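Engineer: Protein chains in written order, with this note's numbering: chain X, 5 to 282; chain W, 22 to 330; chain F, 6 to 328.
All residues carry an ideal CB built from backbone N, CA and C; glycine is no exception.
All values derive from a computational prediction rather than experimental measurement.
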Amino acid sequence: MKKKSKLSQVLRKPLFLIGFIMLAVVILAALFAPRIALRDYAQMDLSLKFVAPCAQFPLGTDQYGRCIFSRIVYGSRIALKVGLMAVVIETGIGVTLGIIAGYYGKKLDQAIMFLTDMIWSIPPIILAMAIVLLLTPSAENVAISIALVTWAQFTKIVRVKVQAIKNLSYIQAARVYGESDLQIIVRYILPNLTSTIVILASLALPSAILSTTSMGFLSLGAQEPLPDWGMILSGGIQFIERAPWISFWPGVAIVWTVLGFNLAAEGLKELLDPRMKV
Amino acid sequence: MSDMGKYIIRRLLTGVLVVLCVTVIIFGIMQAMPGNPIDLMVDTRVSAEKVAELKARWGLDKPVIVQYFYWLGNILRGDFGTSITTKQEVLFLIKQRLPYTLMLTGTAVVIEYLVAVPLGLAAAVRKGRLMDKSMTVIMVVLWSMPTFWLGVLFMMEFAINHRFFPISGYSGLRSLVLPAMTLALPSLAQIFRLTRSEVLDVMEERYVETACAKGVSNRGVLVRHVLRNALIPVTVTFFLNLPWLIGGSVVVENVFAWPGMGQLLWKGIAKQDFPIVQGITFVIAILTVICNLIGDIISGVLDPRIRME
Amino acid sequence: MEEKILEVKDLSVSFDGGVQAVSGVSFDLRRGECFALVGESGCGKSTTARAILRLIRAPGRITGGRILFEDEELLGLSEGEMGKVRGRNIGMIFQNPLDSLNPVYTVGSQVSEGLMVDKMEKAQAWKLAADTFRDVKIPDAEERVRSFPHEISGGMRQRVMIGMMLCRHPKLLIADEPTTALDVTIQAGIIELMNDLRHKYDTAVLMITHDFGIVADMADRVGVMYAGQIVELGDVFTIFDHPLHPYTKLLMKALPVITKKEGRLETIPGTVPDLSKPIQGCRFADRCPDACDRCHQVSPAMTQVTPGHLCACHLVKGGEAHV
Chain X
5 MKKKSKLSQV LRKPLFLIGF IMLAVVILAA LFAPRIALRD YAQMDLSLKF VAPCAQFPLG
65 TDQYGRCIFS RIVYGSRIAL KVGLMAVVIE TGIGVTLGII AGYYGKKLDQ AIMFLTDMIW
125 SIPPIILAMA IVLLLTPSAE NVAISIALVT WAQFTKIVRV KVQAIKNLSY IQAARVYGES
185 DLQIIVRYIL PNLTSTIVIL ASLALPSAIL STTSMGFLSL GAQEPLPDWG MILSGGIQFI
245 ERAPWISFWP GVAIVWTVLG FNLAAEGLKE LLDPRMKV
Chain W
22 MSDMGKYIIR RLLTGVLVVL CVTVIIFGIM QAMPGNPIDL MVDTRVSAEK VAELKARWGL
82 DKPVIVQYFY WLGNILRGDF GTSITTKQEV LFLIKQRLPY TLMLTGTAVV IEYLVAVPLG
142 LAAAVRKGRL MDKSMTVIMV VLWSMPTFWL GVLFMMEFAI NHRFFPISGY SGLRSLVLPA
202 MTLALPSLAQ IFRLTRSEVL DVMEERYVET ACAKGVSNRG VLVRHVLRNA LIPVTVTFFL
262 NLPWLIGGSV VVENVFAWPG MGQLLWKGIA KQDFPIVQGI TFVIAILTVI CNLIGDIISG
322 VLDPRIRME
Chain F
6 MEEKILEVKD LSVSFDGGVQ AVSGVSFDLR RGECFALVGE SGCGKSTTAR AILRLIRAPG
66 RITGGRILFE DEELLGLSEG EMGKVRGRNI GMIFQNPLDS LNPVYTVGSQ VSEGLMVDKM
126 EKAQAWKLAA DTFRDVKIPD AEERVRSFPH EISGGMRQRV MIGMMLCRHP KLLIADEPTT
186 ALDVTIQAGI IELMNDLRHK YDTAVLMITH DFGIVADMAD RVGVMYAGQI VELGDVFTIF
246 DHPLHPYTKL LMKALPVITK KEGRLETIPG TVPDLSKPIQ GCRFADRCPD ACDRCHQVSP
306 AMTQVTPGHL CACHLVKGGE AHV
């Protein structure tokens with residue numbers, strides 16, 4: 005009853021509603037890309053290069069005569085897939101290490117904290133670049149590299165939460181009953197972390213997508229002819245005076261998606277734990 | 022101030038430890054790369070003796086641990102090797118590029134702090150009013166913007182539509198304006214949000230009420246008590262975030278063809294020029310550790326409680 | 006009768022959503038007198054204290070009444086003029102002396118900040134701060150002025166607060182539960198210090214507390230608050246010896262009496278009414294052991310029982326409770 009009214013409260017805030025609608029558009033575009041796109045994303049036509057936005061090509065064409073609109077529609081799949089993958093992996097690593105550090109404390113805690121400090125001492129993009137370089141550029145490897153440089157924020161927050169939870173009396177009681185550490189973690193600690201994890205993951209998703217496009221911009225993501233938004237944009241810069249639409253519209257798509265996720269994440273945070281500090 | 026001295030020494034030692042670990046990571050990545058560095062570094066026409074000589078110089082004929090110390094020794098002497106593509110000393114290239122990167126990130130940092138903190142304070146003071154709400158919306162939008170696209174927009178508007186600033190490259194200080202703005206704006210949003218929420222938190226503190234009860238003017242309370250305390254976490258986060266800004270400069274430098282390290286790094290990566298990649302990564306890691314150290318020292322100066330720990 | 010320095014008339018404060026935290030509170034303070042406002046937590050006594058210095062923050066708001074300090078209406082002053090009253094004419098100390106001092110400044114600089122508001126030179130202000138520290142019996146005053154709040158003990162911090170607020174010789178000091186956060190062993194010292202200094206400087210004290218021990222030690226007169234209203238008011242001896250309001254009586258019973266063997270604490274059954282809704286009748290009626298039909302319907306007014314002893318209860322008439 006109370007939860008329902010809270011949900012409607014959040015939905016009544018215009019910004020969150022806008023966020024959810026923006027998200028819905030992106031998700032629909034990704035799901036129904038083949039129907040929405042006007043052409044295949046890789047279909048070239050050199051006689052139609054640098055066509056300005058018109059009825060046939062709503063967002064114009066690039067230097068190979070490919071339809072920008074169709075490429076952007078298909079690109080939403082890459083952005084969402086890589087973003088989600090990165091967040092799933094980083095949540096997994098970050099939460100696991102956070103629980104271990106918080107639950108066991110002492111040496112393990114110190115070691116894990118030192119590791120997070122280290123990760124934070126290398127600019128994430130540069131570390132991610134190095135990792136992608138090691139793994140060879142592709143969409144999946146971008147997701148892995150983003151996850152490997154961002155898990156630390158989960159660890160720090162989860163660790164503090166676990167430290168607080170593990171001293172609650174009912175968990176102490178479970179320990180006295182002889183339940184194993186794993187049982188205690190799975191049955192008592194994880195359920196207490198759910199909202200924290202959901203909030204952190206929802207806030208991490210837009211920045212993961214943003215990082216994805218940055219990697220794409222540096223040509224380290226999905227490779228041609230796949231339509232990575234960041235890559236389309238960087239490819240257009242050299243033609244910026246002649247055909248500004250090539251670089252302009254992928255940016256709109258990125259801002260639309262990231263903003264949608266950010267607003268929705270704020271709404272989710274408001275709903276689950278408005279006072280949480282991230 | 023002996024507390025402060027001990028505190029700085031402790032942070033300094035941690036910094037050195039972190040740098041050492043970073044070198045292990047770099048070395049690890051280099052080791053994991055397919056092929057050995059020498060084969061990557063020299064092309065096939067180089068004579069076998071030359072290769073052997075290089076291997077001996079880099080200690081590649083020794084066990085991995087020994088190799089690491091050879092490598093570390095070279096790195097610490099500033100010998101990052103020679104670029105595979107241009108055949109120039111990597112150290113020379115970095116020395117050439119570093120000032121430009123420092124100029125760009127330094128300017129962006131100053132813009133970021135000088136704009137975000139006053140705006141955050143102003144929004145907090147006017148909490149819930151139009152100015153606060155509109156600033157918050159603008160900041161979420163900025164926060165959602167990829168730097169490279171913001172750069173493209175600036176380029177279109179201020180370099181192509183109106184020829185206020187050069188479109189790219191470096192030709193005097195006017196070239197600095199667009200890249201610095203591009204770099205500063207998205208990360209400004211985070212400092213704004215943090216300042217706003219910290220100021221709101223501090224306003225709830227009892228000591229602020231004490232200051233009011235003493236009859237200190239509103240302005241005095243806001244500056245001497247509220248802002249002064251809110252700046253502690255803001256400044257710490259600010260320095261912690263510098264690595265992100267330095268990372269962001271890699272992207273921005275590529276948008277504007279800025280002649281800094283970021284562009285060099287990207288070219289190095291694209292051409293698999295490992296000596297360049299390791300050299301720049303090392304230099305940037307050192308810069309980051311220095312930034313964190315400065316952040317620690319400043320927070321120690323700002324907050325007497327930290328020195329005691 | 007001595008000159009009144011503070012008169013609070015019909016003061017009301019409400020918070021966002023219509024919570025009436027304080028409704029129609031009236032009392033006064035004479036020069037050099039100590040008046041105690043007593044009640045459970047949440048009864049509106051701290052809000053009343055803050056309202057006098059106009060320190061109520063949004064979403065709270067003073068919705069009615071008058072506050073006269075030396076016959077000047079404080080509610081009519083501009084924010085700038087109010088700043089000259091705060092600290093200089095009326096000082097205030099708070100419950101927790103750690104929260105109340107800014108962690109990033111030395112205690113000396115925080116004491117001198119107040120003095121510098123009065124346009125005193127910095128060097129002189131620091132000298133006076135050290136003098137003040139001796140005044141509040143802080144050992145090694147010259148050393149301690151350079152300490153940060155976290156470097157000194159809770160009792161010392163509260164001494165600093167008292168010194169900070171008394172060094173400008175205000176005519177009125179508001180003390181909001183000044184000993185609640187301190188160890189019992191330290192409390193007595195702080196109360197003794199406050200008593201010494203208020204006599205030395207002839208400062209009136211408005212003491213906010215839930216502790217009848219402190220009331221007995223310091224107060225000349227007492228107002229008992231319940232759910233945003235004063236329900237009984239009189240001099241300290243009358244209230245202790247002949248409490249009339251059922252709530253006051255129950256509060257007295259709740260006092261732990263250490264001398265008796267069975268020092269069991271009696272609690273008052275029931276809960277404080279929800280102040281966000283309009284209340285019909287006496288606010289204490291639901292918890293009152295003697296409540297009758299009239300109590301649930303008509304709100305009792307404060308009436309004088311004997312000279313200087315006021316009580317708001319239908320069951321109290323002409324000096325005796327007729328149950």
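Can you check which of these residues, W:V161, W:T256, W:G281 and W:A291, is closest to W:I323 by C-alpha distance?
Structural biologist: Position 302 of the second sequence holds residue 323 of chain W. Contrary to the premise, residue 323 of chain W reads as Leu rather than Ile in this sequence. Put simply, of W:V161, W:T256, W:G281 and W:A291 the residue whose alpha carbon is nearest the alpha carbon of W:L323 is W:T256.
Engineer: Restricting to Cα atoms, I'd like to know which of X:A132, X:I31, X:L186 and X:Y181 is closest to X:A90.
Structural biologist: Residue mapping note: residue 90 of chain X aligns to position 86 of the first sequence, counting from 1. That would be X:A132, whose Cα lies nearest to the Cα of X:A90.
Engineer: By DSSP, does X:F252 sit in helix, in strand, or in coil?
Structural biologist: Here residue 252 of chain X refers to the residue found at position 248 of the first sequence. Three-state DSSP puts X:F252 in a helix.
Engineer: For the alpha helix (DSSP H) holding X:Y108, just list the boundary residues, first then last.
Structural biologist: As a position in the first sequence, residue 108 of chain X is number 104, starting the count at 1. For X:Y108, the uninterrupted alpha helix (DSSP H) run begins and ends at I72 to Y108, by DSSP.
Engineer: Pick out whichever of W:N250, W:I301 and W:G321 has its Cα sitting closest to the Cα of X:I130.
Structural biologist: Counted from its first residue, the first sequence places residue 130 of chain X at position 126. Among W:N250, W:I301 and W:G321, the Cα nearest to that of X:I130 belongs to W:I301.
Engineer: Does F:K282 pass the burial test, meaning 16 or more other C-beta atoms within 10 Å, or should it be called exposed?
Structural biologist: The residue you call residue 282 of chain F lines up with position 277 of the third sequence. Flag for F:K282 reads exposed.
Engineer: Whose C-beta lies closer than 6 Å to the C-beta of F:Y252 among residues of the same chain, with five residues either side of it excluded?
Structural biologist: Counting from 1 along the third sequence, the entry for residue 252 of chain F is found at position 247. Answer for F:Y252: Y231, V236 and F289, listed in chain order.
Engineer: For F:Q100, which residues of its own chain have a beta-carbon under 6 Å away from its beta-carbon, when the five flanking residues on both sides are left out?
Structural biologist: Sequence index remark: in the third sequence, residue 100 of chain F carries index 95 (1-based). Only D181, E182, T185 and A186 meet the Cβ criterion.
Engineer: Excluding five sequence neighbours on each side, which residues of the same chain lie with their C-beta closer than 8 Å to the C-beta of F:L106?
Structural biologist: In the third sequence, residue 106 of chain F corresponds to position 101, counting from 1. Closer than 8 Å at Cβ, skipping near neighbours: V112, Q115, P154, R162, V165 and M166.
Engineer: Measuring only the C-alpha atoms, how far is X:Y174 from X:L197?
Structural biologist: Position 170 of the first sequence, counted from the first residue, corresponds to residue 174 of chain X. Position 193 of the first sequence, counted from the first residue, corresponds to residue 197 of chain X. The alpha-carbon atoms of X:Y174 and X:L197 are separated by roughly 16 Å.
Engineer: In the region 73-138 of chain F, which residue ranges form an unbroken alpha helix (DSSP H) of at least 4 residues, counting only runs that do not cross its ends?
Structural biologist: Those alpha helix (DSSP H) runs which fall completely within the region 73-138 of chain F and span 4+ residues are 84-90 and 112-122.
Engineer: Output the boundary residues of the beta strand (DSSP E) element that contains F:T214.
Structural biologist: For the purposes of this step, residue 214 of chain F is identified with residue 209 of the third sequence, where counting begins at 1. A209 to T214 is the extent of the beta strand (DSSP E) around F:T214.
Engineer: Near X:R16, what residues of its chain come up, given a Cβ to Cβ distance below 6 Å and the 5 sequence neighbours on each side ignored?
Structural biologist: For the purposes of this step, residue 16 of chain X is taken as residue 12 along the first sequence, with counting starting at 1. Correct list: empty, nothing qualifies.
Engineer: Check whether the Cβ of W:I165 lies closer than 9 Å to any Cβ atom in chain X.
Structural biologist: Position 144 of the second sequence, counted from the first residue, corresponds to residue 165 of chain W. The displayed chain sequence assigns Ser, not Ile, to residue 165 of chain W. At least one chain X Cβ lies under 9 Å of W:S165.
Engineer: Go through the region 125-181 of chain X residue by residue and report every complete run of the alpha helix (DSSP H) that reaches 4 residues or more, in order.
Structural biologist: Taking only runs of at least 4 residues, the alpha helix (DSSP H) segments lying wholly in the region 125-181 of chain X are 128-139, 143-154, 156-169 and 173-180.
Engineer: Grab the span of the alpha helix (DSSP H) containing X:F20 for me, first residue to last.
Structural biologist: What you label residue 20 of chain X is simply residue 16 of the first sequence in a count that begins at 1. Run containing X:F20: P18 to L35, per the alpha helix (DSSP H) assignment.
Engineer: Any Cβ of chain W within less than 9 Å of the Cβ of F:K176?
Structural biologist: Residue 176 of chain F sits at position 171 when you count from the first residue of the third sequence. Interface criterion not met: the Cβ of F:K176 is under 9 Å from no Cβ in chain W.
Engineer: Just curious, the alpha helix (DSSP H) that F:D246 is in, first and last residue?
Structural biologist: As a first step, residue 246 of chain F is located in the third sequence; it is residue number 241 there, counting from the start. For F:D246, the enclosing alpha helix (DSSP H) stretches over residues V241 to D246.
Engineer: Suppose you measure from the CA of X:T120 to the CA of W:F113; what does that come to, to the nearest Å?
Structural biologist: As a position in the first sequence, residue 120 of chain X is number 116, starting the count at 1. As a position in the second sequence, residue 113 of chain W is number 92, starting the count at 1. Looking at the two C-alpha atoms, the distance is approximately 32 Å.
Engineer: Using a Cβ-Cβ cut-off of 7 Å (strictly less than) and excluding sequence neighbours within five positions of W:Q299, which residues of its own chain qualify?
Structural biologist: Locating residue 299 of chain W in the second sequence gives position 278, counting from the first residue. I47, M51 and F101.
Engineer: Where does W:R313 land, buried or exposed, given buried means 16+ other C-beta within 10 angstroms?
Structural biologist: The count along the second sequence starts at 1 and reaches residue 313 of chain W at position 292. Here residue 313 of chain W is Asn; the residue named in the question, Arg, does not match the sequence. Buried.
Engineer: Does the Cβ of W:L97 have 16 or more other Cβ atoms within 10 Å, making it buried, or fewer, making it exposed?
Structural biologist: What you label residue 97 of chain W is simply residue 76 of the second sequence in a count that begins at 1. Classification of W:L97: exposed, given that the 10 Å Cβ count is below 16.
Engineer: X:V1 versus chain W: which residues are under 7 Å apart at the beta carbon?
Structural biologist: Residue coverage of chain X in this structure runs from 5 to 282, which leaves residue 1 of chain X outside it and unanswerable.
Engineer: Closer than 9 Å, CB to CB, is W:K235 near chain F or not?
Structural biologist: The residue you call residue 235 of chain W lines up with position 214 of the second sequence. W:K235 counts as touching chain F.
Engineer: Give the interface partners of F:M97 over in chain B, defined as CB-CB distance under 7 Å, in chain order.
Structural biologist: No chain B is present in this structure, whose protein chains are X, W and F.
Engineer: Between which two residues does the beta strand (DSSP E) containing F:R226 stretch?
Structural biologist: Walking along the third sequence from the start, residue 226 of chain F turns up at place 221. R226 to Y231 is the span of the beta strand (DSSP E), which, as asked, contains F:R226.
Engineer: With a threshold of 9 Å between beta carbons, is X:T217 in contact with chain W?
Structural biologist: One-based indexing of the first sequence puts residue 217 of chain X at position 213. Yes, because at least one Cβ of chain W sits closer than 9 Å to the Cβ of X:T217.
Engineer: Would you grab the beta carbon distance between F:L58 and F:M121 for me? Rounded to a whole angstrom, and I think it's under 8 Å.
Structural biologist: Residue mapping note: residue 58 of chain F aligns to position 53 of the third sequence, counting from 1. Residue mapping note: residue 121 of chain F aligns to position 116 of the third sequence, counting from 1. At roughly 19 Å, the Cβ-Cβ gap does not stay under 8 Å, so F:L58 and F:M121 are not in contact.
Engineer: When DSSP labels each residue in this structure, what does W:A77 get in the three-state scheme?
Structural biologist: For the purposes of this step, residue 77 of chain W is taken as residue 56 along the second sequence, with counting starting at 1. In this structure, W:A77 counts as helix in the three-state DSSP scheme.
Engineer: For W:V39 and chain X, any beta-carbon pair shorter than 9 Å?
Structural biologist: Within the second sequence, residue 39 of chain W is the residue found at index 18, counting from 1. Yes, W:V39 lies at the interface with chain X (some Cβ there is under 9 Å from its Cβ).
Engineer: In the DSSP assignment, find the unbroken beta strand (DSSP E) run with F:V30 in it and report its ends.
Structural biologist: As a working note, residue 30 of chain F is residue 25 in the third sequence. Per DSSP, F:V30 belongs to the beta strand (DSSP E) from V24 to R35.
Engineer: Starting from X:F221, find everything on chain W with Cβ-Cβ shorter than 7 Å and list it in chain order.
Structural biologist: Locating residue 221 of chain X in the first sequence gives position 217, where the first residue counts as 1. Result: F169 and V272.
Engineer: Helix, strand or coil, according to DSSP, for W:L314 in the structure here?
Structural biologist: In the second sequence, counting from the first residue as 1, residue 314 of chain W sits at position 293. W:L314 falls in the helix class under three-state DSSP.
Engineer: Check whether the region 214-234 of chain W and the region 189-197 of chain W touch, using three or more Cβ-Cβ pairs below 8 Å as the test.
Structural biologist: no
Engineer: Using only the alpha-carbon positions, how far apart do X:I22 and W:R150 sit?
Structural biologist: Here residue 22 of chain X refers to the residue found at position 18 of the first sequence. Here residue 150 of chain W refers to the residue found at position 129 of the second sequence. Using only the alpha carbons, I get a separation of about 20 Å.
Engineer: Taking DSSP as the reference, what is the three-state secondary structure of F:Q192?
Structural biologist: Counted from its first residue, the third sequence places residue 192 of chain F at position 187. Here F:Q192 sits in helix by DSSP.
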